[in-house]
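Trainee: Numbered by the numbering used here, the letters in the sequence shown go through residues 12 to 179 in order.
Pasting a structure here, questions to come.
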Amino acid sequence: MLQNLFNLGARKFGIVSIPPIGCCPYARLQNTTATGGLPGCLTELNDDAQAFQLMVASLLEGLKYELNHEFKYSLGDVYTMTNIMLGNPGKFGGFKDAVMACCGKGQLNAEKPCNISENPNLCPNRSEYVFWDMFHPTEHAAGLVAETLYDGFSPIVVPMNFSQLAQI
12 MLQNLFNLGA
22 RKFGIVSIPP
32 IGCCPYARLQ
42 NTTATGGLPG
52 CLTELNDDAQ
62 AFQLMVASLL
72 EGLKYELNHE
82 FKYSLGDVYT
92 MTNIMLGNPG
102 KFGGFKDAVM
112 ACCGKGQLNA
122 EKPCNISENP
132 NLCPNRSEYV
142 FWDMFHPTEH
152 AAGLVAETLY
162 DGFSPIVVPM
172 NFSQLAQI
């Protein structure tokens with residue numbers, strides 16, 4: 012796909028990796044190995060997301076050399092950004108909850124989707140939550156990721172951030 016876009020004239024590519032999908036509220040509910048308390052992240056899904064990040068990084072570096080350095084890119088490591096957010100939610104973004112969805116039904120507000128639940132639970136302040144629903148980040152969480160992609164630094168955004176990519 013990237014090669015096709017390059018052949019059509021594209022020269023700059025902003026690529027975003029996969030977040031730790033095993034840590035979204037819905038995936039946590041599927042964790043049958045959890046013992047007491049809230050379910051933890053699904054390691055298998057997170058391992059797949061990390062493997063994808065490594066594969067994409069290698070692919071992009073290969074394309075850069077194959078296409079005589081005309082191929083310019085920025086790779087945002089959303090996996091690491093999100094893990095930082097989840098690991099210390101208060102410090103990174105002022106979040107109060109990095110496990111439960113703001114909107115939904117059931118355990119972690121992740122058993123029934125917000126948009127089709129009758130009388131869904133809705134948190135009073137969505138900016139205090141990392142997750143809006145069982146899969147998606149809140150506007151606040153997504154905004155922090157976008158800011159980091161735009162003006163962040165290595166190793167989170169490599170080999171340059173999106174702002175630098177736009178300027179070359």
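Positions of the beta carbon are idealized from the N, C-alpha and C atoms, including for glycine.
1) Report the start-end ranges of each beta strand (DSSP E) in the stretch 53–111 that is 3 residues or longer and not cut off at the edges.
2) In terms of alpha-carbon separation, which member of MET92, LYS102, PRO135, GLU129 lies closest to ALA112?
3) With 16 other CB atoms within 10 Å as the buried threshold, where does PRO148 fall?
4) Look at the alpha carbon of ALA68 and the alpha carbon of CYS125, and state the distance between them as a whole number of angstroms.
5) Could you tell me the alpha carbon to alpha carbon distance between ALA21 and GLU122, rounded to whole angstroms?
6) Am I right that ASP36 and LEU119 are in contact with their C-beta atoms under 8 Å? What's the rounded C-beta distance?
7) Are the Cβ atoms of CYS114 and ASP88 separated by less than 8 Å?
Mentor: To lay it out plainly:
1) Qualifying beta strand (DSSP E) stretches, in chain order: 83–87.
2) With distances taken between Cα atoms, ALA112 lies closest to PRO135.
3) Residue burial annotation: PRO148 is buried, with at least 16 other C-beta atoms found within 10 angstroms of its C-beta.
4) Distance from the CA of ALA68 to the CA of CYS125, rounded to the nearest whole angstrom, comes to 35 Å.
5) The alpha-carbon atoms of ALA21 and GLU122 are separated by roughly 42 Å.
6) A quick correction: the sequence has Pro, not Asp, at residue 36. At roughly 4 Å, the Cβ-Cβ gap stays under 8 Å, so PRO36 and LEU119 are in contact.
7) Not closer than 8 Å, so no.
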